[in-house]
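Engineer: Position 36 of the sequence shown, counted from 1, bears residue number 36 in UniProt numbering, the numbering being contiguous throughout. Yeah, the Cβ is synthetic: ideal placement off N, Cα and C, and Gly gets one too. Remember, predicted model here, so these are calculated numbers, not experimental data.
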Amino acid sequence: MDNEIPKCPNCDSSEHVALINTNQKIGTAVGGVAGGAAGYWGASSGAVTGATIGSVVPVVGTGIGILAGGLAGALAGFFAGSAVGNQVGEHIDRHIISEWRCNQCGTEFET
Ligand SMILES: [Zn+2]
Numbered sequence: 001m002d003n004e005i006p007k008c009p010n011c012d013s014s015e016h017v018a019l020i021n022t023n024q025k026i027g028t029a030v031g032g033v034a035g036g037a038a039g040y041w042g043a044s045s046g047a048v049t050g051a052t053i054g055s056v057v058p059v060v061g062t063g064i065g066i067l068a069g070g071l072a073g074a075l076a077g078f079f080a081g082s083a084v085g086n087q088v089g090e091h092i093d094r095h096i097i098s099e100w101r102c103n104q105c106g107t108e109f110e111t
């Protein structure tokens, strides 16, 4: 892990400097949505399986099977996507853009 905190150019201290995690938040949201969509898409086969099993009880069972399969896939995809997006966003924040803010004087700077 790279936990180096740069010094504030104004205060010459790293004590109050914190990473601005803009891309981490964006990455989490984007990853969550993309993962949810992908999970829902991938779950269509699961939904079909659920519908087939549910078809033992016609109409009602089919509907419940599709719903359960699709929702489970979307949820799983959302969480997986959020985790990946969070990691990617943090990586961008930490290693590519690296914007920092000093909470003592309010200075924002890049490394
Ligand atoms: Zn400062």
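Thinking C-alpha only, which one of Thr-111, Gly-31, Glu-15 is nearest Arg-94?
Structural biologist: Mapped onto the sequence shown, residue 94 falls at position 94. Nearest option by C-alpha distance: Thr-111.
Engineer: Give me the Cα-Cα distance between Cys-11 and Ile-5, rounded to the nearest whole angstrom.
Structural biologist: Position 11 of the sequence shown, counted from the first residue, corresponds to residue 11. Position 5 of the sequence shown, counted from the first residue, corresponds to residue 5. Roughly 14 Å between the two C-alpha positions.
Engineer: Measuring only the C-alpha atoms, how far is Gly-73 from Gly-85?
Structural biologist: The residue labelled residue 73 in the question sits at position 73 within the sequence shown. The residue labelled residue 85 in the question sits at position 85 within the sequence shown. Approximately 18 Å between the Cα atoms of the pair.
Engineer: May I have a chain-ordered list of the beta strand (DSSP E) segments no shorter than 3 residues that lie completely inside the stretch 10-35?
Structural biologist: Runs of the beta strand (DSSP E) inside the stretch 10-35: 17-19.
Engineer: If you run the structure through DSSP and keep just helix, strand and coil, what is Glu-4?
Structural biologist: By one-based count along the sequence shown, residue 4 stands at place 4. Of the three classes helix, strand and coil, the one that applies to Glu-4 here is coil, per DSSP.
Engineer: Tell me the rounded alpha-carbon separation between Gly-106 and Trp-100.
Structural biologist: Translated into the one-based positions of the sequence shown, residue 106 becomes position 106. Translated into the one-based positions of the sequence shown, residue 100 becomes position 100. Distance between the alpha carbons of Gly-106 and Trp-100 is about 10 Å.
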